[in-house]
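In our numbering, the protein residues as written are 59 to 289.
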């Protein structure tokens with residue numbers, strides 16, 4: 059999560075949805091919330107992942123909207139423009155898999171590296187319920203809603219239309235910003251990773267995200283408008 063007092067906005071960072079590119083684009087306008095201005099733990103200790111760094115980074119980068127409400131004065135949260143981005147769940151899982159495979163300092167790296175491939179990774183995700191470190195919620199919607207399932211953000215953009223949706227945010231907030239390409243994984247198109255069984259696994263496990271954000275296996279319904287988007 060990042061906040062701008064000069065332009066009165068809050069960015070909620072959903073994991074693996076171009077968040078680092080967005081953070082880089084808006085860095086001249088934002089600051090770390092006071093709650094997170096603590097000394098950064100080292101990323102590794104004697105070559106091994108430092109769990110304390112993982113927790114600190116997750117608290118800073120991937121604070122949910124509910125957590126953000128608790129850390130900010132109520133008038134700030136209510137009056138500031140809050141935005142986030144979401145991604146097709148089938149694509150999201152392929153991206154998450156490749157990210158975790160290359161992050162050797164991640165506490166889950168050895169576990170995922172030992173798996174036979176993407177199919178077994180998905181089975182592991184489902185069996186573990188939410189295997190990711192704090193900061194990567196099981197569902198993308200969990201980053202954005204309150205305890206009653208109501209959205210706490212004003213605008214939700216799509217990874218699939220990232221440039222256009224980010225430009226809409228910038229126009230609304232009068233920001234001069236452009237998106238760099240950061241933290242990408244090189245792999246086949248996400249649809250190539252699935253068979254009938256694994257496709258259905260994701261459909262069942264991420265049903266809430268799929269329905270709430272208008273996704274299907276091949277993409278999304280172009281007539282489905284997310285929170286704050288214009289027709």
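For each residue, glycine too, the CB sits at the ideal point set by N, CA and C.
For residue 64, same chain residues with a beta-carbon under 7 Å away, outside a window of 5 residues either side, are 87 in chain order.
In the DSSP assignment, residue 268 falls within the unbroken alpha helix (DSSP H) covering 265-271. DSSP places residue 64 in the coil class of the three-state scheme, outside both helix and strand. In terms of Cβ geometry, residue 142 and residue 68 do not form a close pair [threshold 7 Å].
Shown here, residue 285 sits in coil according to DSSP, grouped into three states, outside any helix or strand.
Scanning 130, 222 and 131 for the CA closest to the CA of residue 288 turns up 222.
Boundaries of the alpha helix (DSSP H) around residue 77: 77-83. Note: residue 139 is bridge-paired with 67 in the DSSP secondary-structure output.
Distance from the Cα of residue 286 is smallest, within the candidate group 277, 128 and 212, for 212. Beyond the five residues adjoining it in sequence on each side, residue 75 comes within less than 7 Å, by CB distance, of 143, 144, 145 and 217 in the same chain, given in chain order. Taking a C-beta distance under 7 Å as the contact criterion, residue 263 and residue 154 do not qualify as a contact pair. Under the DSSP assignment, residue 87 falls outside any alpha helix (DSSP H); it carries neither an H nor an E label. Annotation: the continuous alpha helix (DSSP H) that includes residue 179 extends over 176-186.
In the three-state DSSP reduction, residue 245 falls in the coil class, being neither helix nor strand. Less than 7 Å separates the beta-carbon of residue 245 from that of residue 156.
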